[in-house]
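Visitor: Got a structure for you, written out below as structure tokens; questions coming shortly.
Number of protein chains: 2
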Amino acid sequence: MATDSVIDFKVWMSQVQVQMEIALDRYLPASTHIPERLHDAMRYSVLDGGKRVRPLLAFAAGALVDADPARLEAAGAALEMIHAYSLVHDDMPAMDNDVLRRGKPTVHVAFGEATALLAGDALQTAAFDVLSATTLTDSPSDQLKMINILARASGSLGMCGGQGIDLYSVGQELTLPELEMMHILKTGALIRAAVLLGSYCGTPLSDEARNALDHYAKCVGLAFQVVDDILDCEADSATLGKTAGKDAANNKPTYVALLGMKGAKEKAEELKQAAFDALAPFGEKAKLLHALAGYIVDRKY
Amino acid sequence: MATDSVIDFKVWMSQVQVQMEIALDRYLPASTHIPERLHDAMRYSVLDGGKRVRPLLAFAAGALVDADPARLEAAGAALEMIHAYSLVHDDMPAMDNDVLRRGKPTVHVAFGEATALLAGDALQTAAFDVLSATTLTDSPSDQLKMINILARASGSLGMCGGQGIDLYSVGQELTLPELEMMHILKTGALIRAAVLLGSYCGTPLSDEARNALDHYAKCVGLAFQVVDDILDCEADSATLGKTAGKDAANNKPTYVALLGMKGAKEKAEELKQAAFDALAPFGEKAKLLHALAGYIVDRKY
Numbered sequence: 053m054a055t056d057s058v059i060d061f062k063v064w065m066s067q068v069q070v071q072m073e074i075a076l077d078r079y080l081p082a083s084t085h086i087p088e089r090l091h092d093a094m095r096y097s098v099l100d101g102g103k104r105v106r107p108l109l110a111f112a113a114g115a116l117v118d119a120d121p122a123r124l125e126a127a128g129a130a131l132e133m134i135h136a137y138s139l140v141h142d143d144m145p146a147m148d149n150d151v152l153r154r155g156k157p158t159v160h161v162a163f164g165e166a167t168a169l170l171a172g173d174a175l176q177t178a179a180f181d182v183l184s185a186t187t188l189t190d191s192p193s194d195q196l197k198m199i200n201i202l203a204r205a206s207g208s209l210g211m212c213g214g215q216g217i218d219l220y221s222v223g224q225e226l227t228l229p230e231l232e233m234m235h236i237l238k239t240g241a242l243i244r245a246a247v248l249l250g251s252y253c254g255t256p257l258s259d260e261a262r263n264a265l266d267h268y269a270k271c272v273g274l275a276f277q278v279v280d281d282i283l284d285c286e287a288d289s290a291t292l293g294k295t296a297g298k299d300a301a302n303n304k305p306t307y308v309a310l311l312g313m314k315g316a317k318e319k320a321e322e323l324k325q326a327a328f329d330a331l332a333p334f335g336e337k338a339k340l341l342h343a344l345a346g347y348i349v350d351r352k353y
Numbered sequence: 053m054a055t056d057s058v059i060d061f062k063v064w065m066s067q068v069q070v071q072m073e074i075a076l077d078r079y080l081p082a083s084t085h086i087p088e089r090l091h092d093a094m095r096y097s098v099l100d101g102g103k104r105v106r107p108l109l110a111f112a113a114g115a116l117v118d119a120d121p122a123r124l125e126a127a128g129a130a131l132e133m134i135h136a137y138s139l140v141h142d143d144m145p146a147m148d149n150d151v152l153r154r155g156k157p158t159v160h161v162a163f164g165e166a167t168a169l170l171a172g173d174a175l176q177t178a179a180f181d182v183l184s185a186t187t188l189t190d191s192p193s194d195q196l197k198m199i200n201i202l203a204r205a206s207g208s209l210g211m212c213g214g215q216g217i218d219l220y221s222v223g224q225e226l227t228l229p230e231l232e233m234m235h236i237l238k239t240g241a242l243i244r245a246a247v248l249l250g251s252y253c254g255t256p257l258s259d260e261a262r263n264a265l266d267h268y269a270k271c272v273g274l275a276f277q278v279v280d281d282i283l284d285c286e287a288d289s290a291t292l293g294k295t296a297g298k299d300a301a302n303n304k305p306t307y308v309a310l311l312g313m314k315g316a317k318e319k320a321e322e323l324k325q326a327a328f329d330a331l332a333p334f335g336e337k338a339k340l341l342h343a344l345a346g347y348i349v350d351r352k353y
């Protein structure tokens, strides 16, 4: 990218991040609502943190179809609530037992386990509340499809299933296809949903275009996880904002363990290139999706 | 009720219970799906147990509007999945730490805490999957409303919020209005949603009729909890299929603690009568809702 485009992209990212912060603040119940502690915990886990990768993907896909920003905000908020709920529950002692997230104590450390459990539950519900209360697309039937896309992506055959496979694979030797299957569900499914939801918020796409977009999303989803594994090995906790090196310490299968650091980095590059290729038919309209794939693979935290 | 009607009602209940068992079996992913342990746990918590009160209410409300049974099954399955997820999480050590439910070990006892956490999460998602994948009513806009009704009823301003208030009230002195507020959210909201969802599966109701139905649902929801508190004091664990006397032992506020046993029983009767009164405009078509209110208040477990 030329320097100007890099600056434009960074400005766009910051704008979407600010816009999402305001939208999430509006969509989440106020801390003054009873029970206050539950609403505090929900807001603590969602607001003021996170790279907002999934909303960014939704907005970038929305740019392909001239989507209404208010619709993208709602879709982005639902995606971010699902993502946040999965982190809150994943960090709990019964799962990863993590104490640090986005540089802050995790929800169960700050609010106790019972509140963390309920806050995660209520955040998931809030996502479906937003998606069913707001007009997201011209056709209510398409909106039902969007809700179903999010449900499939985050349920036991999607994200939750991936977390299950991850859980049951601790200390097991996974093959590369098994590891890939796990991440396609655990991280990839929601990233795919983010791109698809964004693309539903504007002018309808042809099936061919939607398939190309879906291929982009699959590559980005997998690349995201490969890079996560690389960063978990290389970065320190302060840069990462969460406990580094945990996966290796927990004997969890990672791309780095399976492919070596060099192999993992090559894999990330290949996936980025495949994502770029998938965007070719969209031309200039896909420049945000293009830049985002680069950002996701080249990030340092 | 005359003896014949009692028999008819019991036959109808058994039929709906069997039908729901088959529907839930079909809607839940098979145990052979990866991750098998997660799907086993989801099926364990939902199948082969429970009175199916919420689906029964949806079917009874559906009878008012000549609803298609296939639609009622889908609505009933979603309601039961939400109910089951809330029980799985509520039983966990971080919350009520209960070991017995419906006469079987609770999910975290049988499958471990991590799986219980994920199974509850995935059951909630599965409910929204069912509601968005199946045609439930003639108008897709109305179906979006139905999804929103379930989300509002089960989120932090509904069921989850009620559980939060319950959690934060342990050892506190609650007034009767505070106790009522807690139960209206914790149990009442989902019972109301059950009646409303059923009523959306057929011929549209007038606003006036829907308000009357909603008043019925509020009374039944509250009566349900008052009777739960009475049974928790009076029944033994074997009859109840869960640990009896836990609320009192945990110093949780109950209707019996607040009103005395006699007062609590009078309250349940009053609510039953108010529910009956709300059904008056519907005549003979409401006979199942009528019988169900009687069943809920007069049950022994």
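Each protein sequence line maps, in turn, to chains A and B. Counted from 1, the first sequence has number 280 at position 228 by this note's numbering; the numbering is strictly sequential. Counted from 1, the second sequence has number 330 at position 278 by this note's numbering; the numbering is strictly sequential. Cβ atoms here follow ideal geometry from the backbone N, Cα and C, with glycine treated the same way.
To which residues of the same chain is Leu-249 (chain A) closer than 6 Å at the C-beta, ignoring the five residues directly before and after it?
Guide: The answer, listed in chain order, is Ala-110, Ala-127, Met-198.
Visitor: Can you pull the chain A residues whose beta carbon is under 8 Å from the beta carbon of Gln-215 (chain B), in chain order?
Guide: Leu-170, listed in chain order.
Visitor: Please classify Ile-74 (chain A) as buried or exposed, where buried requires at least 16 other C-beta atoms within 10 Å of its C-beta.
Guide: Exposed, because fewer than 16 other Cβ atoms sit within 10 Å of the Cβ of Ile-74 (chain A).
Visitor: Whole angstroms is fine: what's the gap from Arg-95 (chain B)'s alpha carbon to Pro-157 (chain B)'s?
Guide: Cα to Cα, the separation comes out at about 14 Å.
Visitor: Please report the distance separating the alpha-carbon of Val-63 (chain B) from that of Gly-214 (chain B).
Guide: Taking the straight line joining both Cα atoms gives about 34 Å.
Visitor: Pull up the CB-CB distance for Pro-87 (chain B) and Tyr-353 (chain A), whole angstroms please, since I reckon it's below 8 Å.
Guide: Actually they are not in contact, since the Cβ atoms of Pro-87 (chain B) and Tyr-353 (chain A) sit about 30 Å apart, beyond 8 Å.
Visitor: Measure the C-alpha to C-alpha separation of Arg-262 (chain B) and Asp-120 (chain B) and round it to an integer number of angstroms.
Guide: In a straight line, the C-alpha of Arg-262 (chain B) is about 18 Å away from that of Asp-120 (chain B).
Visitor: Pull up the DSSP beta-bridge partners for Arg-262 (chain A), would you.
Guide: Answer is none; Arg-262 (chain A) lacks a bridge partner.
Visitor: If you measure between the beta carbons of Asp-281 (chain B) and Tyr-307 (chain B), is that distance less than 8 Å?
Guide: In this structure, Tyr-307 (chain B) lies closer than 8 Å to Asp-281 (chain B) by Cβ.
Visitor: Could you tell me which chain A residues have their CB closer than 8 Å to the CB of Met-133 (chain B), listed as they occur along the chain?
Guide: By Cβ distance, chain A contributes nothing, its closest Cβ being about 10 Å from Met-133 (chain B), past 8 Å.
Visitor: Under three-state DSSP, which class holds Pro-157 (chain A)?
Guide: The answer is strand: DSSP assigns Pro-157 (chain A) an E or B state.
Visitor: For Tyr-307 (chain B), report the span of its alpha helix (DSSP H) as first-last.
Guide: Residues 307-331.
Visitor: Given a limit of 8 Å on CB to CB distance, which residues of the segment 57-86 of chain A reach chain B?
Guide: Those would be Pro-81, His-85, Ile-86, in chain order.
Visitor: Which residues of the segment 185-214 of chain B have a Cβ closer than 7 Å to any Cβ of chain A? Give them in chain order.
Guide: Result list: Ala-185, Pro-192, Ser-193, Gln-195, Leu-196, Ile-199, Asn-200, Ala-203, Arg-204, Ser-206, Gly-207, Ser-208, Leu-209, Cys-212, Gly-213.
Visitor: Pick out the complete beta strand (DSSP E) segments inside the segment 167-212 of chain A, 3 residues or longer, and give them in chain order.
Guide: None, since the segment 167-212 of chain A contains no complete beta strand (DSSP E) of that length.
Visitor: Any beta-carbon of chain B closer than 8 Å to the one on Arg-154 (chain A)?
Guide: It does not; no Cβ of chain B falls within 8 Å.
Visitor: Output yes or no for whether 8 Å exceeds the beta carbon distance between Leu-310 (chain A) and Leu-188 (chain A).
Guide: Against a cut-off of 8 Å, the Cβ pair of Leu-188 (chain A) and Leu-310 (chain A) comes out as no contact.
Visitor: Pop quiz: Leu-242 (chain A) and Ser-184 (chain A) are said to be a contact at Cβ under 8 Å. What is the actual Cβ separation, rounded to whole angstroms?
Guide: At roughly 18 Å, the Cβ-Cβ gap does not stay under 8 Å, so Leu-242 (chain A) and Ser-184 (chain A) are not in contact.
Visitor: Near Ala-136 (chain B), which residues of its chain fall below 7 Å by C-beta distance, leaving aside the five closest residues on each side in sequence?
Guide: These residues qualify, in order along the chain: Ser-97, Val-98, Leu-175.
Visitor: Evaluate Gln-195 (chain B) with the Cβ neighbour count: other Cβ atoms within 10 Å of its Cβ, from every protein chain shown; 16 or more gives buried, anything less gives exposed.
Guide: Under this definition Gln-195 (chain B) is a buried residue.
Visitor: Return no unless some Cβ of chain B is closer than 8 Å to the Cβ of Ala-174 (chain A).
Guide: For Ala-174 (chain A), the answer is yes, since a Cβ of chain B falls inside 8 Å of its Cβ.
Visitor: So is Thr-177 (chain B) buried or exposed if we call it buried at 16+ other beta carbons inside 10 Å?
Guide: Its Cβ being crowded by 16 or more others within 10 Å, Thr-177 (chain B) is buried.
Visitor: Quick check on Ile-59 (chain B): buried or exposed, where buried means 16 or more other Cβ atoms within 10 Å of its Cβ?
Guide: Result: exposed.
Visitor: So is Thr-227 (chain B) in contact with chain A if we call contact Cβ pairs under 8 Å?
Guide: With 8 Å as the cut-off, Thr-227 (chain B) does not count as an interface residue toward chain A.
Visitor: Kindly give me the distance between the Cβ atoms of Met-93 (chain A) and Phe-180 (chain A), rounded to whole angstroms, as I take these residues to be in contact under 8 Å.
Guide: Here the sequence assigns Ala to residue 93 (chain A), which means Met is not the residue at that position. About 19 Å separates the two Cβ atoms, so there is no contact after all.
Visitor: For a contact defined as C-beta to C-beta under 9 Å, what are the partners of Arg-356 (chain B) on chain A?
Guide: The structure shown has nothing for residue 356 (chain B), since chain B only spans 53 to 353.
Visitor: Which first and last residues belong to the alpha helix (DSSP H) in which His-135 (chain A) is found?
Guide: Looking at the DSSP string, the run of the alpha helix (DSSP H) that includes His-135 (chain A) is 121-142.
Visitor: Which word fits Pro-107 (chain A), buried or exposed, when buried means at least 16 other C-beta atoms lie within 10 angstroms of its C-beta?
Guide: Pro-107 (chain A) is buried by the Cβ-count criterion.
Visitor: To the nearest angstrom, how far is it from the Cα of Glu-225 (chain B) to the Cα of Lys-304 (chain B)?
Guide: If I take the Cα positions, the gap works out to 9 Å.
Visitor: What is the DSSP secondary structure of Leu-340 (chain A), counted as helix, strand or coil?
Guide: Three-state DSSP puts Leu-340 (chain A) in a helix.
Visitor: Excluding the five sequence neighbours on either side, which residues of its own chain have a C-beta within less than 8 Å of the C-beta of Val-279 (chain B), listed in chain order?
Guide: Contacts found: Ala-320, Ile-348, Val-349, Arg-351.
Visitor: Quick check: the Cα distance between Ser-193 (chain A) and Gly-254 (chain A), rounded to an integer number of angstroms?
Guide: Roughly 14 Å between the two C-alpha positions.
Visitor: Provide the residue span of the alpha helix (DSSP H) that contains Leu-242 (chain B), from first to last.
Guide: Segment 241-252, the alpha helix (DSSP H) holding Leu-242 (chain B).
Visitor: Which one of A:Gly-335, A:Ala-345, A:Leu-283 has the shortest CA to CA distance from Ala-316 (chain A)?
Guide: Residue A:Leu-283 is the option with its Cα nearest to Ala-316 (chain A).
Visitor: Since Phe-180 (chain B) meets chain A, which of its residues come closer than 7 Å, beta carbon to beta carbon?
Guide: The answer, in chain order, is Phe-180, Ile-199, Ala-203.
Visitor: Tell me whether Leu-152 (chain A) sits in a helix, a strand or coil according to DSSP, three-state version.
Guide: Looking at Leu-152 (chain A) - three-state DSSP - the assignment turns out to be strand.
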